[in-house]
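The next block holds one structure in the form of structure tokens; read it before the comments.
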Amino acid sequence: MTNPGWGGAYGDQPNPPQSVCVRHPDRPTGLACSRCGRPACPQCLQAAAVGQHCVDCVREGNKNVRTAQTVAGAPVTRSTKTPLTYALIAINVVVFGITAAQSGDVTSNFNGSSLARDWSLNSLLVANGDVFRLIGNGFVHIGPIHLLVNMFALYLIGRDVELVLGRSRYLAVYLLSLIGGSASVMVFEDPLTFTAGASGAVFGLLGAQAVILLRLKRSPAPILIVIALNIFISISIPGISLWGHMGGLVAGAAATAGLVFLPNRHHGPGQSRASAGLSMAWISVIAVALVSLGIIAVRVLDLRAQIGL
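Dropping the structure here:
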């Protein structure tokens, strides 16, 4: 007796076709994704909270998982490496080495060094077109003690700020602090003096750290004490640029405030809160830069008028 449905005699019917992996058709499998139900080989399955998911479902699920971020929008990682801080320290040390080699004297590296002469900040020379001095002065130091103090402060403060802000934001705050310090020096200090050092940028990072603590709802009192102590030192010891420190402090704090407070606000239709806030944060950084550059431009025009250029 035959059974047309099985295509042969009873007891001789063929085995039903075995499932194969959707990603590897040459691999038979008895397993399936507990989410989409498609057959998959062990290589294409990953353990899940309930059952096991295929790699396609895992990838789709990961799209909806938000990456942990700091208050500034930088990704949170297990790594505590801060390469940008170390790179900035290295650049300052190398520049100091060049000035010492040019002058032939480590303790009096500023005298006889063409690099120190060409990079240090002088308002009249900036008005005459040497605009690179606005940033270059932050990498020139007068004597080894000046270098060591600033680099030690950068090492202590910069690493924490870099971890919170992320590299791009950290570099932006650092450079804006330099420019803010230069703008303040040009406006408030004698245009004939030469100014150099990374202390304006370091003060900017102090301001950044205070703002970050406020954003985290933690007391900024320890940082404020450090800032007050350094301001007192700047006033008490001749030859220290108080206005360079103040300009850097204000610029660094203002830029950081935009970076850490705005990412949670100002999102419009069709735009996520995070992406809209991030855009506003960078706009605020650009605004700080434009204000600093505007102050410099006004001062340059004033100086050029005074010297008849």
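Heads up: the sequence shown begins at 1 in the numbering used here, then just goes up one per residue. We put the beta carbon where it would ideally sit given N, CA and C, even for glycine.
Apply the 10 Å Cβ neighbour rule to residue i and answer buried if 16 or more other Cβ atoms are within range, or exposed otherwise.
{"i": "residue 80", "result": "exposed"}
{"i": "residue 7", "result": "No answer about residue 7 holds up, because its pLDDT of 48 lies below 50 and its placement is not dependable."}
{"i": "residue 132", "result": "exposed"}
{"i": "residue 169", "result": "buried"}
{"i": "residue 270", "result": "Note that residue 270 scores a pLDDT of 46, beneath 50, so its modelled location is shaky; the value from the coordinates is reported in the next line. When all chains shown are included, residue 270 counts as exposed."}
{"i": "residue 209", "result": "buried"}
{"i": "residue 152", "result": "exposed"}
{"i": "residue 33", "result": "buried"}
{"i": "residue 39", "result": "buried"}
{"i": "residue 301", "result": "exposed"}
{"i": "residue 268", "result": "Confidence is the limiting factor: at residue 268 the pLDDT is only 48, short of 50, which leaves the residue's position unreliable, though a coordinate-based value still follows. Counting Cβ neighbours within 10 Å, residue 268 comes out exposed, since fewer than 16 surround it."}
{"i": "residue 36", "result": "exposed"}
{"i": "residue 215", "result": "buried"}
{"i": "residue 305", "result": "exposed"}
{"i": "residue 281", "result": "buried"}
{"i": "residue 232", "result": "exposed"}
{"i": "residue 116", "result": "buried"}
{"i": "residue 297", "result": "exposed"}
{"i": "residue 206", "result": "buried"}
{"i": "residue 202", "result": "buried"}
{"i": "residue 107", "result": "exposed"}
{"i": "residue 283", "result": "exposed"}
{"i": "residue 218", "result": "exposed"}
{"i": "residue 260", "result": "buried"}
{"i": "residue 146", "result": "buried"}
{"i": "residue 45", "result": "buried"}
{"i": "residue 211", "result": "buried"}
{"i": "residue 247", "result": "buried"}
Can you tell me where the alpha helix (DSSP H) holding residue i begins and where it ends?
{"i": "residue 262", "result": "That residue, residue 262, is in no alpha helix (DSSP H); it is neither H nor E in DSSP."}
{"i": "residue 43", "result": "First-last for residue 43: undefined, no H or E at that position."}
{"i": "residue 146", "result": "144-165"}
{"i": "residue 240", "result": "From DSSP, residue 240 is part of no alpha helix (DSSP H); its letter is neither H nor E."}
{"i": "residue 35", "result": "Segment: none, residue 35 is in no alpha helix (DSSP H) and carries neither H nor E."}
{"i": "residue 131", "result": "Where residue 131 is concerned, there is no enclosing alpha helix (DSSP H), given that its DSSP letter is neither H nor E."}
{"i": "residue 82", "result": "Here residue 82 belongs to no alpha helix (DSSP H), and DSSP marks it neither H nor E."}
Going by DSSP, what residues sit across from residue i in a beta bridge?
{"i": "residue 361", "result": "In this structure the chain extends from 1 to 309, so residue 361 is not present and cannot be described."}
{"i": "residue 53", "result": "46"}
{"i": "residue 288", "result": "In DSSP, residue 288 forms no bridge with anything."}
{"i": "residue 20", "result": "28"}
Please confirm whether residue i and residue j have their CB atoms less than 9 Å apart.
{"i": "residue 134", "j": "residue 178", "result": "yes"}
{"i": "residue 150", "j": "residue 204", "result": "no"}
{"i": "residue 162", "j": "residue 244", "result": "no"}
{"i": "residue 113", "j": "residue 98", "result": "yes"}
{"i": "residue 126", "j": "residue 186", "result": "yes"}
{"i": "residue 154", "j": "residue 303", "result": "no"}
{"i": "residue 288", "j": "residue 258", "result": "yes"}
{"i": "residue 227", "j": "residue 242", "result": "no"}
{"i": "residue 200", "j": "residue 143", "result": "no"}
{"i": "residue 173", "j": "residue 255", "result": "yes"}
{"i": "residue 100", "j": "residue 180", "result": "no"}
{"i": "residue 140", "j": "residue 120", "result": "yes"}
{"i": "residue 28", "j": "residue 22", "result": "no"}
{"i": "residue 171", "j": "residue 84", "result": "yes"}
{"i": "residue 183", "j": "residue 286", "result": "no"}
{"i": "residue 118", "j": "residue 136", "result": "yes"}
{"i": "residue 30", "j": "residue 82", "result": "no"}
Are any of the Cβ atoms in chain D nearer than 9 Å to that of residue i?
{"i": "residue 144", "result": "Looking for chain D here will not work: only one protein chain is present."}
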